[in-house]
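S.K.:
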Amino acid sequence: MCAQATSFHEISRHPTNVVRGKACSHGPFGMVATPMRFTLNSEIYGENEAAEYLYQVVSGAVRTYKILHDGRRQIGAFYLPGDIFGFEAGEGHISSAEAICETHLLMVQRTALIVRASHERELTRQLWEAMALELHRLQEHLMLLISSAEERVVTFLLDMSRRATNNGAIELPMSRRDVADYLGLTIETVSRTFKQLEQNGVIALQTSRRVELRHDRLPSCFLQNLG
């Protein structure tokens, strides 16, 4: 479970206020990336702000979201360690991004990456794969929103299980409210569905955020999603 730690210093998302650290040499961002740290619920960028940077999660987790006309929040995506986000078709961000918990990111200017990618084939490939993955997740999320409550929750847990860094129980960095806003459900429906899945033996809830997904107890309609 993620919690805000007092030992870390929050760094502003604006590059003029970034506390510079050692350059990071791993991943597609390479030596041009700037390390950043964000505490619980800190804004990374806001809707309609200039989309000048791309980000990669080193540790922690990020959510992107929009506030709808009726005041409801719709979470568009969750980003976990290794994920790259900040891709936009235009010049501005269409959603806001926040750190779900204490989060370390790598930040790099889009223009700097474009220059590097023009003469580094491997970087071009990595960025293409990252953009393709982003599109795939968007398509999957749209399809998810027309499913039943049980299908939404189980599919979400399967996705979190595939993206987990270990083979044990899933440690969800996000709250039930976050899950509800991502799945387009009420928090009451999400909690009730978790309880039903637990009663049916599909999951075991060790804590509210530590979930063991029992693949052998999944309904047959979900087996094709395993892999």
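Counting in the working numbering, the sequence shown runs from 2 upward without gaps.
Every residue, glycine too, gets a C-beta built ideally from N, C-alpha and C.
(1) Mind checking S43: buried by the 16 CB within 10 Å criterion, or exposed?
(2) Buried or exposed: which applies to P220, given that a residue is buried once 16 or more other Cβ atoms fall within 10 Å of its Cβ?
(3) So, at 6 Å on beta carbons, what are the nonlocal neighbours of T190 in its own chain, with the 5 sequence-adjacent residues on each side left out?
(4) Determine the direct distance from the alpha carbon of R126 to that of H94, and round the result to whole angstroms.
(5) Between which two residues does the beta strand (DSSP E) holding M132 run?
(6) Any contact of the segment 91-108 with the segment 57-72, i.e. 3+ C-beta pairs under 8 Å?
(7) Does the beta-carbon distance from L139 to G77 come in below 9 Å?
(8) E239 lies in the beta strand (DSSP E); which residues open and close that run?
(9) For N49, I'd like the list of residues in its chain whose CB is within less than 7 Å of its CB, leaving aside the five on either flank, ordered along the chain.
(10) Considering only residues of the same chain and omitting the five flanking positions on each side of A205, which have a CB-CB separation below 6 Å?
(11) Please report how far the alpha carbon of Q173 lies from the alpha carbon of R215, in whole angstroms.
(12) First and last residue of the beta strand (DSSP E) that includes V109?
M.R.: On the basis of the supplied data:
(1) Buried, because 16 or more other Cβ atoms sit within 10 Å of the Cβ of S43.
(2) With fewer than 16 Cβ atoms within 10 Å of its Cβ, P220 is classed as exposed.
(3) The beta carbon of T190 is closer than 6 Å to those of A150 in its chain, skipping five residues each way along the sequence.
(4) Cα to Cα, H94 sits roughly 23 Å from R126.
(5) No beta strand (DSSP E) holds M132; the alpha helix (DSSP H) holding it covers 122-145.
(6) Counting Cβ pairs under 8 Å, three or more are found: they touch.
(7) Taking a C-beta distance under 9 Å as the contact criterion, L139 and G77 qualify as a contact pair.
(8) No answer is possible for residue 239: it lies beyond the span of the chain, which begins at 2 and ends at 228.
(9) If we look at N49 and ignore the five residues flanking it on each side, its Cβ neighbours are G93, H94.
(10) Within the same chain, A205 has close Cβ partners E213.
(11) It is Leu, not Gln, that sits at residue 173 in the sequence shown. Rounded to whole angstroms, L173 to R215 spans 16 Å at the Cα level.
(12) Counting along the chain, the beta strand (DSSP E) containing V109 begins and ends at 104-110.
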